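Taking my numbering, the leading residue of the sequence shown gets 6, the next gets one more, and so forth.
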Amino acid sequence: MSKILLIGGTGFVGTAIARQLTAQGHILRFATRRRDRAKHLITLPTAEVVEANVHDPRVLEQLMRDQDVVISLVGILRGNFMRAHAELPEKIAAAAKAAGVRRIVHISALGAAADAPSAYLRSKAAGEEALKRSELDVTILQPSVIFGQGDSFLTLFSSIQACVPVLPLACPNAQFQPVWVEDVAAAVVHSLAQSESIGQTYALGGPRTYALKELVAYAGAVAGHRAAIIGLPAPLSYLQALAMEIVGGPMTRDNYYSMQKPNVCAQAPSLPFGLAATPLEAVAPGYLRDGRWRAGNDRFREHARR
Ligand SMILES: NC(=O)c1ccc[n+]([C@@H]2O[C@H](COP(=O)([O-])OP(=O)(O)OC[C@H]3O[C@@H](n4cnc5c(N)ncnc54)[C@H](OP(=O)(O)O)[C@@H]3O)[C@@H](O)[C@H]2O)c1
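Rendered as structure tokens:
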């Protein structure tokens, strides 16, 4: 049993990790900017939710005092990428050293690279480098897009198709290898249990690669409200991303840049530790059918502060 601090653990992925770690009897501490947004975690039997500014090095060090492990998960899709994805991991490493915590599991993203096409992926690479430089006991996980109850991906495409008969889709041929959120959580749990994972970076993907248009069509079909999907060519895809960026929609030019490279694992198997990747088709109908995608909409409202 370990004492584990989760930074960025109140969201979609952190909640799944929390469920699995709690089942193993670990004692969890979550840092959040707003405690009222982490109500769902307060009820976990061995969890403590602390409202804190994790960008303040002294606060970080205090949060880590008496902890055995830090799981670092902060991620954003728009805003100051370097602050959230690169400077914060650097601060986490410094605070961990000061507080005497050696073990860190860090969630990055598949495709993170210094020469990646998007600022999101380049900042994720900078965060990885900061943690590798720290000489702490670090494991890095790089998931492709993640699906599961409450995701912001299949749920989004399903909910859009409930409202429109025709869906003009940017980057229709972008390649993804969607991985189930519970498989990502299992990879975290196994990383902590297996000391061979220290110093390693693992790509995490599902069993299959899909074009974006396939995933969108699948989400609509399963949810029972399929729109006609019109794949946009590159210039129109860019313009759609720009327009959405301006109005605060679910896409930005940086997302567009990310999708210029296939988001797929370079090697098989797509999961480490002998884990079997769960097919999308085995899970997605369970939360996309019967309007259960509405649960995911709450996350968008929250994001939009509505
Ligand atoms: N979901 C995916 O498909 C996917 C794919 C690849 C990689 N990832 C990575 O996996 C990690 C978790 O993703 P997720 O889907 O669980 O994200 P999420 O649901 O949006 O949760 C994001 C978390 O980050 C915290 N956070 C956001 N902005 C912050 C900021 N400026 N300062 C401090 N904390 C901030 C939030 O905390 P509070 O709001 O409670 O403060 C929340 O706990 C991220 O690093 C993401 O890049 C996700």
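Don't be surprised by glycine CBs; every beta carbon is placed ideally from N, CA and C.
Since the model is a prediction, treat every value here as computed from it, not as a measurement.
Alpha-carbon to alpha-carbon, residue j and residue i
{"i": "residue 148", "j": "residue 202", "result": "16 Å"}
{"i": "residue 119", "j": "residue 264", "result": "16 Å"}
{"i": "residue 111", "j": "residue 97", "result": "10 Å"}
{"i": "residue 165", "j": "residue 256", "result": "13 Å"}
{"i": "residue 220", "j": "residue 236", "result": "13 Å"}
{"i": "residue 77", "j": "residue 11", "result": "6 Å"}
{"i": "residue 279", "j": "residue 186", "result": "17 Å"}
{"i": "residue 117", "j": "residue 130", "result": "5 Å"}
{"i": "residue 251", "j": "residue 175", "result": "16 Å"}
Residue i: CB within 7 Å of a non-hydrogen atom of ligand 1
{"i": "residue 47", "result": "no"}
{"i": "residue 112", "result": "yes"}
{"i": "residue 1", "result": "Nothing can be reported for residue 1, as the shown portion of the chain is limited to 6 through 311."}
{"i": "residue 18", "result": "yes"}
{"i": "residue 59", "result": "yes"}
{"i": "residue 39", "result": "yes"}
{"i": "residue 78", "result": "yes"}
{"i": "residue 42", "result": "yes"}
{"i": "residue 158", "result": "yes"}
{"i": "residue 32", "result": "no"}
{"i": "residue 234", "result": "no"}
{"i": "residue 151", "result": "yes"}
{"i": "residue 148", "result": "yes"}
{"i": "residue 89", "result": "yes"}
{"i": "residue 81", "result": "yes"}
Where residue i falls: helix, strand or coil (DSSP)
{"i": "residue 184", "result": "strand"}
{"i": "residue 301", "result": "Reliability of the predicted coordinates at residue 301 is poor, the pLDDT of 44 falling under 50, and no value is obtained from them."}
{"i": "residue 134", "result": "helix"}
{"i": "residue 225", "result": "helix"}
{"i": "residue 34", "result": "strand"}
{"i": "residue 308", "result": "Its pLDDT being 38, under 50, residue 308 is placed unreliably by the model, and nothing is read from it."}
{"i": "residue 159", "result": "helix"}
{"i": "residue 257", "result": "coil"}
{"i": "residue 7", "result": "coil"}
{"i": "residue 27", "result": "helix"}
{"i": "residue 141", "result": "coil"}
Buried/exposed call for residue i, threshold 16 Cβ in 10 Å
{"i": "residue 87", "result": "exposed"}
{"i": "residue 37", "result": "buried"}
{"i": "residue 271", "result": "exposed"}
{"i": "residue 85", "result": "exposed"}
{"i": "residue 179", "result": "buried"}
{"i": "residue 20", "result": "buried"}
{"i": "residue 301", "result": "Unreliable positioning characterises residue 301 in this predicted model, as indicated by a pLDDT of 44, which lies under 50. The coordinate reading is nonetheless provided below. Classification of residue 301: buried, given that the 10 Å Cβ count is 16 or more."}
{"i": "residue 259", "result": "buried"}
{"i": "residue 156", "result": "buried"}
{"i": "residue 268", "result": "buried"}
Short CB-CB distance (under 8 Å) between residue i and chain D
{"i": "residue 135", "result": "Considering every chain present, this structure includes no chain D. It has just one protein chain."}
Taking one C-beta from the stretch 186 to 197 and one from the stretch 20 to 33 each time, how about it: are there three or more such pairs within less than 8 Å?
-> Yes, the stretch 186 to 197 is in contact with the stretch 20 to 33.
The stretch 230 to 249 touching the stretch 199 to 213, judged by at least three CB pairs closer than 8 Å = Verdict: no, contact absent.
Any 3 or more C-beta pairs closer than 8 Å across the stretch 126 to 143 and the stretch 214 to 233 = Too few Cβ pairs lie closer than 8 Å, so no.
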